[in-house]
Amino acid sequence: MAGKRDRIRIEIRGTSDEPETSAGSPAIAHAAIVCLARLIGCQIAREQFERRLAVAPRTKA
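Residue numbers (my numbering): 1200 to 1260.
Structure below.
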């Protein structure tokens, strides 16, 4: 059964004068980097898994 792919919603906001939501906040930058690293890692793992499935010999169980 093919699963429905998850969608990531990206919101673009204007600049803010509040320090906790400013674009230059190290905490926000760190969270964004960690999120992107996870997405990239998952994609790499998915592609490697698909390549291994394509190469693996098919046997009857």
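From the three backbone atoms N, C-alpha and C, an ideal C-beta is built for every residue, glycine too.
For Ala1255, there are no CB contacts under 7 Å within the same chain when 5 residues up- and downstream are skipped. Annotated three-state conformation of Ile1243 is helix, per DSSP. Residue state for Ala1255 is assigned as coil, using DSSP reduced to three classes.
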